[in-house]
Amino acid sequence: MPTRLIIMRHAKSSWKDDSLSDHGRPLNSRGKRDAPRIEAELIQRDWMPDIVYVSSSKRTQETLEFMRKIRLDAEVYSQEELYHATISTLYQYVDEVKEHKTTMILSHNPGTEIIVNHLSGRYEVMPTAAVALFEKQNDEWNLIDVLRPKKLQNKG
Numbered sequence: 003m004p005t006r007l008i009i010m011r012h013a014k015s016s017w018k019d020d021s022l023s024d025h026g027r028p029l030n031s032r033g034k035r036d037a038p039r040i041e042a043e044l045i046q047r048d049w050m051p052d053i054v055y056v057s058s059s060k061r062t063q064e065t066l067e068f069m070r071k072i073r074l075d076a077e078v079y080s081q082e083e084l085y086h087a088t089i090s091t092l093y094q095y096v097d098e099v100k101e102h103k104t105t106m107i108l109s110h111n112p113g114t115e116i117i118v119n120h121l122s123g124r125y126e127v128m129p130t131a132a133v134a135l136f137e138k139q140n141d142e143w144n145l146i147d148v149l150r151p152k153k154l155q156n157k158g
């Protein structure tokens, strides 16, 4: 099995309740639709993670909650430091990816977009619920694809 990395930005969150802290914002209805859509595509492509590192924020936790098979099948680690993580923090997680495993990092922008761009060497937009799929080849991370919910919705 190849060594693979999935970097995911949380699904779309709600701004309705302005009494909530940023950390406490839940998903909105679109986010609740997009997370399972992304999970279905990961399953179809045989990209199920063995390990998930997820930010402690409500919207990232709910994103994972709506990806039920991943949540049940993977080792899940909720990490406070992934909430608005710096590029150096994200690289610490990338450096810990285990050989012959698929690891998911579920976090926030701008960090997800920055780390995807650093690893791929090109500019990729990471809207909510987007996932970037990387495979390690000759000690280099190669971007295989970026999945975006709107494109999957148009697909079928």
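Heads up, the sequence shown is in my numbering, so the first residue is 3 and it goes up one at a time.
Every residue, glycine too, gets a C-beta built ideally from N, C-alpha and C.
With the rule of 3 Cβ pairs closer than 8 Å, the segment 61-77 does not count as touching the segment 140-148.
Secondary structure note for Ser59: it is in no beta strand (DSSP E), with a DSSP letter that is neither H nor E.
Ser109 and Pro4 have their C-alpha atoms some 23 Å from each other.
Annotation for Asn119: no beta strand (DSSP E) segment contains it, though the alpha helix (DSSP H) segment containing it runs 113-122. With at least 16 other beta carbons inside 10 angstroms of its own, His12 counts as buried.
Considering only Ser90, Tyr93, Leu66, Ile116, the residue with the shortest C-alpha distance to Ser80 is Leu66. Counting only runs of at least 4 residues, the segment 33-89 fully encloses the following alpha helix (DSSP H) elements, listed from N- to C-terminal order: 60-67, 70-75. Measuring C-alpha to C-alpha distances from Phe136 to each of Pro38, Glu83, His102 identifies His102 as the nearest. DSSP places Arg6 in the uninterrupted beta strand (DSSP E) bounded by 6-11.
Residue pairing from DSSP places Ile107 in a beta bridge opposite Ile9, Tyr55. Restricting attention to Ala87, Ala37, Tyr55, the CA atom closest to the CA of Glu115 is found in Ala87.
DSSP, reduced to helix, strand and coil, places Ser31 within a helical segment of the structure shown.
Comparing alpha-carbon positions, the option among Val78, Arg35, Leu29, Pro112 lying closest to Thr91 turns out to be Pro112.
In the three-state reduction of the DSSP assignment, Leu149 falls in the strand class, which pools E and B.
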